[in-house]
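Chemist:
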Amino acid sequence: MPVSRRPALCYHWALMAALTDEALAGAVAAGDHRALEAVYDRHGAAVFGMAQRVLRSQALAEEVVQEVFVRFWRDPGRYDPQRAPLRAFLLRDAHGRAVDLLRAETARRAREERDQSLASEEAPGPEHEVWEAVRSAKVKAALESLPAAERDAIVLAFYAGLSYQEVARRLGEPEGTVKSRIRRGLERLRGPLLQEGAP
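So in my numbering, the last one in the sequence shown is 201, and the numbering has no gaps at all.
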């Protein structure tokens, strides 16, 4: 039996290889996983190269490649052949994700360095601890006063350290909507915190 399946499989691969990118994207949208594999075979190396140039890390670049193709599989409707070729679409997606990862890694390293620096400094006095507690309470109260959508986006971005794209994915909202909510929320927070004297 396996021998009889092999020619059919080879024929299917040959058929996929002969399709245009637009036709492959249509097959992916129809749920054909072999079409996704064909898209990966055709464009995966270019996507990996783009990600590695930005991140200079093979492991992170591989993570970007996986995410780009999983996103394409889950939501092929994001690709519009009238706006760009498939490779350009995938490369743009990879570049955006790689930049987000780079920012997140840079922020993580900065936090670690800051934490190490703070840990090596002399322990703060009681006045500092009291001020930090008061300021934390003011920030928490100000956050609680925000609409839930703005508060959730700000907490994920600034306390969980997620990028705009990651926040958007977590909340299931478009990235532009998330950015607007964060901007509005920060504008609402600024007034009360300045009035209370919190920096």
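Virtual Cβ for every residue (Gly too), placed ideally from N, Cα, C. Given the structure is predicted, the values throughout are model-derived calculations rather than measurements.
DSSP state of G178, grouped into three classes?
Modeler: Taking the first residue of the sequence shown as 1, we reach residue 178 at position 176. G178 falls in the helix class under three-state DSSP.
Chemist: Just the Cα atoms here: how many angstroms apart are L188 and I156?
Modeler: Counting from one through the sequence shown, the residue named residue 188 turns up at place 186. Counting from one through the sequence shown, the residue named residue 156 turns up at place 154. Rounded to the nearest angstrom, the two C-alpha atoms are 8 angstroms apart.
Chemist: Looking at L103: is its Cβ nearer than 9 angstroms to the Cβ of S165?
Modeler: Indexing the sequence shown from 1 puts residue 103 at position 101. Indexing the sequence shown from 1 puts residue 165 at position 163. Yes, the Cβ-Cβ distance between L103 and S165 is below 9 angstroms.
Chemist: Are the Cβ atoms of F50 and V30 separated by less than 9 angstroms?
Modeler: For the purposes of this step, residue 50 is taken as the residue at position 48 of the sequence shown. For the purposes of this step, residue 30 is taken as the residue at position 28 of the sequence shown. For F50 and V30, no; Cβs fall outside 9 angstroms.
Chemist: Taking all protein chains shown into account, decide if A96 is buried (16 or more other Cβ within 10 angstroms of its Cβ) or exposed.
Modeler: Position 94 of the sequence shown, counting from 1, holds the residue named residue 96. When all chains shown are included, A96 counts as buried.
Chemist: Use the C-beta contact count for H35: other C-beta atoms within 10 angstroms, 16 or more gives buried, fewer gives exposed.
Modeler: Locating residue 35 in the sequence shown gives position 33, counting from the first residue. Per the 10 Å Cβ criterion, exposed.
Chemist: With a threshold of 8 angstroms on Cβ separation, who are the neighbours of L88 within its own chain once the five nearest residues in sequence on each side are excluded?
Modeler: Working through the sequence shown from its first residue, we reach residue 88 at position 86. For L88, where only same-chain residues beyond five positions count, the Cβ hits under 8 angstroms are D23, E24, L26, A27, V41, H45 and Y81.
Chemist: Mind checking V72: buried by the 16 CB within 10 Å criterion, or exposed?
Modeler: Numbered from its first residue, the sequence shown carries residue 72 at position 70. Burial call: exposed.
Chemist: Hey, R183 and E152: beta-carbon distance below 9 angstroms or not?
Modeler: Within the sequence shown, the letter at position 181 stands for residue 183. Within the sequence shown, the letter at position 150 stands for residue 152. Yes; because the gap between Cβ atoms is below 9 angstroms, this pair is in contact.
Chemist: In whole angstroms, what separates the C-alpha of P149 from that of A143?
Modeler: Stepping through the sequence shown from its first residue, residue 149 is reached at position 147. Stepping through the sequence shown from its first residue, residue 143 is reached at position 141. Distance between the alpha carbons of P149 and A143 is about 12 angstroms.
Chemist: DSSP three-state call for Y81: helix, strand or coil?
Modeler: Position 79 of the sequence shown, counted from the start, is the residue given in the question as residue 81. Coil at Y81, not helix or strand.
Chemist: By a C-beta neighbour count over all protein chains shown, 10 Å radius and 16 as the cutoff for buried, is D77 buried or exposed?
Modeler: Reading the sequence shown from its first residue, position 75 is the one you call residue 77. Exposed.
Chemist: Just to confirm my understanding: we take A86, look at its own chain, exclude 5 residues before and 5 after, and list those with CB closer than 8 angstroms. What are they?
Modeler: For the purposes of this step, residue 86 is taken as residue 84 along the sequence shown, with counting starting at 1. If we look at A86 and ignore the five residues flanking it on each side, its Cβ neighbours are R94.
Chemist: Give the secondary structure of A32 by DSSP, where H, G and I count as helix, E and B as strand, and everything else as coil.
Modeler: By one-based count along the sequence shown, residue 32 stands at place 30. If DSSP states are grouped into helix, strand and coil, A32 belongs with coil.
Chemist: Would you mind reading off the limits of the alpha helix (DSSP H) that contains F74?
Modeler: Sequence index remark: in the sequence shown, residue 74 carries index 72 (1-based). Segment Q60 to R76, the alpha helix (DSSP H) holding F74.
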